[in-house]
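Engineer: Before I ask anything, let me first share the structure, which is written out below as structure tokens.
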Amino acid sequence: MPPVLVNNLQPKETTETKLDATRRDFLKKSGLGMGALALAPVLNQLKARAAGIAPKAPRFVFVVESNGIPPQQMVPLGIERKPRPQQPLNGPAEFVDVSLKDRELPYSLQPVSQWKDKLTIVQGLSGKVASGGHSNNYQALGAFGVGRGDNGESTAILSPTIDGALAKHLGGIFPHVGLGISERLENSVIYSISAIGENKPLPLIVKPDQAMGTLFGSVADGQAKNEFLATRNLLDFLKDDIKRAEKKLAGPEREQLSVYLSTFDMLSDRHSRLNEIEPTLRKHAPVTSDKYTPDVETDRLDAQFDLAAAALISGLTNVVTLSSAAGIRNFDICFTGLGLKKGKHHTGHGGSQHGMTWAETYDMIRKFHFDLIARLAKKLDAIPEGDGTMLDNSVIVFISDG
Numbered sequence: 000m001p002p003v004l005v006n007n008l009q010p011k012e013t014t015e016t017k018l019d020a021t022r023r024d025f026l027k028k029s030g031l032g033m034g035a036l037a038l039a040p041v042l043n044q045l046k047a048r049a050a051g052i053a054p055k056a057p058r059f060v061f062v063v064e065s066n067g068i069p070p071q072q073m074v075p076l077g078i079e080r081k082p083r084p085q086q087p088l089n090g091p092a093e094f095v096d097v098s099l100k101d102r103e104l105p106y107s108l109q110p111v112s113q114w115k116d117k118l119t120i121v122q123g124l125s126g127k128v129a130s131g132g133h134s135n136n137y138q139a140l141g142a143f144g145v146g147r148g149d150n151g152e153s154t155a156i157l158s159p160t161i162d163g164a165l166a167k168h169l170g171g172i173f174p175h176v177g178l179g180i181s182e183r184l185e186n187s188v189i190y191s192i193s194a195i196g197e198n199k200p201l202p203l204i205v206k207p208d209q210a211m212g213t214l215f216g217s218v219a220d221g222q223a224k225n226e227f228l229a230t231r232n233l234l235d236f237l238k239d240d241i242k243r244a245e246k247k248l249a250g251p252e253r254e255q256l257s258v259y260l261s262t263f264d265m266l267s268d269r270h271s272r273l274n275e276i277e278p279t280l281r282k283h284a285p286v287t288s289d290k291y292t293p294d295v296e297t298d299r300l301d302a303q304f305d306l307a308a309a310a311l312i313s314g315l316t317n318v319v320t321l322s323s324a325a326g327i328r329n330f331d332i333c334f335t336g337l338g339l340k341k342g343k344h345h346t347g348h349g350g351s352q353h354g355m356t357w358a359e360t361y362d363m364i365r366k367f368h369f370d371l372i373a374r375l376a377k378k379l380d381a382i383p384e385g386d387g388t389m390l391d392n393s394v395i396v397f398i399s400d401g
């Protein structure tokens, strides 16, 4: 199994929360804690920050990169990883636990060096739970295993993936936020690595401008704002239509229609809650730029990380999945923004380009991802929370889908 990198939940021992007294008193006395039940996640978060209390629910961010990670590239300097033939039942013969304290991280992990005391690199877990091939698809985060069907690239969904399971448990205005990029520019939403249950995939929005409209449309300008209002009007219209039809039905048909109505109620309620927390959203929403509507994949992924940070800081969600073209239909992406002209399929089969070996190409691409992860970590680390920061109450997992 490829390496898994985790930012551990280790609150700082010496950090003191410095909250402005006026702001603290205002939040405590303004009645926010008595607000509508629908706003509880955001309001409780604001109240907890004002009181210097850490949130009860941690946050989880899953960054899934396509097309595999060579384990030897993720080993800190000075640690030898003994090569083994890739064959069944040939896993590691011994357990090794090494501190990262006095060791230098490999090139691609250098951007997160300042959080080395919180970093864990996990290698050598059994891969029998996944199917192998160019992509494990839902098995990368699901680990439910289906053998090597579909040439080792099964897209079966046998259970929730870890992000979907956490989303159900932690809840939020958006229980799960899925963002990413696709090899194909025409894609707006894809289904590839996340699921809320058996045969229930979760969407990944792969166009940053559309993700911006979905998450922050209530405080956006221009087209995003218009689309948000149009969606709200449509939801209200459809709800009224369904209610009228429901009165004319009986038995199973009425029950089935009530299921549709509950879905529209949920969507409408979400829109209402977004309107209610407009000041918070306006404060933390990203400033849009050309990178929200680009052809260049590095700009698209850059924008998606901005949105992920804003969604977490605003309290819109506790679970974010960021997909870097993960999944069998998207993995052969070419990072032209890094000067490359051949896709990851070429690199994965040992192809070189621009005077770089396949290993050097992989390193460069992965370092770009960790630059984005480091920037996300810095944003979370800048927000006081409890006796530390938001980062202290967050888990960031980096993993490959291959």
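Numbering (numbering that gives the first Met the number 0), first residue to last: 0 to 401.
Just so it is clear, CB atoms sit at the ideal spot from N, CA and C, and this is done for glycine as well.
Which of the three DSSP states is assigned to residue 143 in this structure?
Structural biologist: In the structure shown, residue 143 sits in coil (DSSP, three-state: anything other than H, G, I, E or B).
Engineer: Can you have a look at residue 346 and say buried or exposed, based on whether 16 or more other CB atoms are within 10 angstroms of its CB?
Structural biologist: With 16 or more Cβ atoms within 10 Å of its Cβ, residue 346 is classed as buried.
Engineer: Taking just the CA atoms, how far does residue 350 sit from residue 382?
Structural biologist: Between residue 382 and residue 350, the C-alpha separation is close to 43 Å.
Engineer: In the DSSP assignment, find the alpha helix (DSSP H) that holds residue 399 and state where it starts and stops.
Structural biologist: Segment 393-399 is the beta strand (DSSP E) holding residue 399; no alpha helix (DSSP H) there.
Engineer: Take residue 93 as the anchor and find which of 396, 123, 355, 199 has the nearest alpha-carbon.
Structural biologist: Taking only the C-alpha atoms, the option nearest residue 93 is 123.
Engineer: If you draw a straight line from the C-alpha of residue 365 to the C-alpha of residue 388, how long is it?
Structural biologist: Residue 365 and residue 388: Cα-Cα distance of roughly 26 Å.
Engineer: If you follow the beta strand (DSSP E) that residue 118 is part of, which residue opens it and which one closes it?
Structural biologist: Its beta strand (DSSP E) spans residues 118-121.
Engineer: Under 6 Å Cβ to Cβ from residue 399, same chain only, skipping five residues before and after it: list those, please.
Structural biologist: Only 1, 64, 67, 68 meet the Cβ criterion.
Engineer: Roughly how many whole angstroms lie between the Cα atoms of residue 207 and residue 310?
Structural biologist: Approximately 13 Å between the Cα atoms of the pair.
Engineer: Tell me the DSSP secondary structure of residue 104 in three-state form.
Structural biologist: Coil, per DSSP.
Engineer: Can you list, in chain order, the residues of its chain with a C-beta nearer than 6 Å to that of residue 36? Leave out the 5 residues immediately preceding and following it.
Structural biologist: Confidence at residue 36 is low in this model, with a pLDDT of 37, below 50, so the placement of that residue should be treated as unreliable; the coordinate-derived value is given next. So no residue of the chain qualifies.
Engineer: Excluding sequence positions up to five away, which residues of its chain have a Cβ less than 7 Å from the Cβ of residue 331?
Structural biologist: Excluding residues within five positions, the ones whose Cβ falls inside 7 Å are 182, 342, 343, 344.
Engineer: Tell whether a beta-carbon distance below 7 Å holds between residue 56 and residue 165.
Structural biologist: Result no, Cβ atoms of residue 56 and residue 165 do not sit closer than 7 Å.
Engineer: Since residue 327 and residue 134 should fall inside the 8 Å C-beta cutoff, what is the C-beta to C-beta distance between them, to a whole number of angstroms?
Structural biologist: Right, their Cβ atoms sit about 4 Å apart.
Engineer: Taking all protein chains shown into account, do 16 or more other C-beta atoms lie within 10 angstroms of the C-beta of residue 58, making it buried, or fewer, making it exposed?
Structural biologist: Looking at its Cβ environment, which holds 16 or more other Cβ atoms inside 10 Å, residue 58 is buried.
Engineer: Answer yes or no: do residue 204 and residue 178 have a C-beta to C-beta separation smaller than 7 Å?
Structural biologist: Result yes, Cβ atoms of residue 204 and residue 178 sit closer than 7 Å.
Engineer: Should residue 402 go down as buried or exposed, given a rule of 16 or more other Cβ atoms within 10 Å for buried?
Structural biologist: Here the chain has residues from 0 to 401 only, and residue 402 is not among them.
Engineer: Could you name each continuous alpha helix (DSSP H) segment of 4 residues or more that falls completely within the stretch 324-354, going from the start of the chain to the end?
Structural biologist: Here the runs fully enclosed are 343-347.
Engineer: Among 214, 160, 167, which has the Cα closest to the Cα of residue 198?
Structural biologist: It is 160.
Engineer: On the DSSP bridge assignment, give the partners of residue 322 in chain order.
Structural biologist: Per DSSP, 63, 179.
Engineer: Alpha carbon to alpha carbon, how far is residue 142 from residue 380?
Structural biologist: Each residue's alpha carbon lies about 31 Å from the other.
Engineer: Spatial neighbours of residue 174 within its chain, please: CB distance less than 6 Å, with the 5 preceding and 5 following residues excluded, ordered by chain position.
Structural biologist: Here the set comprises 166.
Engineer: Kindly indicate which residue of 299, 373, 363, 294 has the alpha-carbon position closest to the one of residue 396.
Structural biologist: Ranking 299, 373, 363, 294 by Cα distance to residue 396 puts 373 first.
Engineer: Give every residue of the same chain whose Cβ lies closer than 6 Å to the Cβ of residue 30, excluding the five residues on either side of it in the sequence, and list them in chain order.
Structural biologist: With a pLDDT of only 40 at residue 30, under the threshold of 50, the placement of this residue in the model should not be trusted; the figure read from the coordinates follows. Taken in chain order, the list of residues that qualify is empty.
Engineer: Run through the DSSP bridge pairs and tell me what residue 115 is partnered with.
Structural biologist: Residue 115 is not bridged to any residue.
Engineer: Is DSSP giving residue 56 helix, strand or coil here?
Structural biologist: Note: residue 56 maps to coil in three-state DSSP.
Engineer: Using only alpha-carbon positions, find the residue among 306, 188, 118 that is nearest to residue 200.
Structural biologist: Checked all of 306, 188, 118; the closest Cα to residue 200 is 188.
Engineer: Pick helix, strand or coil for residue 388, following the three-state DSSP scheme.
Structural biologist: DSSP places residue 388 in strand when its eight states are reduced to three.
Engineer: Per DSSP, which residues does residue 97 bridge with? Please list them.
Structural biologist: DSSP output for residue 97 lists no bridge partner at all.
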